[in-house]
Amino acid sequence: FVPVNELIQKFGWQVEELHVERGRLDEVFRTITREVA
662 FVPVNELIQK FGWQVEELHV ERGRLDEVFR TITREVA
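Shown next as structure tokens:
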């Protein structure tokens with residue numbers, strides 16, 4: 662999480678939780694790139 666933590670500190674983001682879900686990147690990519698009907 663080091664690169665993520667560095668960005669959080671740099672931009673002063675208020676982060677309460679951070680989760681890693683392994684094996685879901687393809688599903689997340691499809692969700693954010695699908696066409697809205």
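In my numbering, the protein residues as written are 662 to 698.
We put the CB at the ideal spot given by N, CA and C, even for glycine.
These numbers were taken from a predicted model, which means no experiment stands behind them.
Where residue i sits in the DSSP three-state scheme
{"i": "phenylalanine 690", "result": "helix"}
{"i": "glutamate 677", "result": "coil"}
{"i": "phenylalanine 672", "result": "helix"}
{"i": "glutamate 696", "result": "coil"}
CB-CB length for residue i against residue j, believed under 8 Å
{"i": "phenylalanine 662", "j": "leucine 679", "result": "7 Å"}
Residue i versus the options, residue with shortest Cα-Cα distance
{"i": "glutamate 677", "options": "Glu696, Asn666 and Thr692", "result": "Asn666"}
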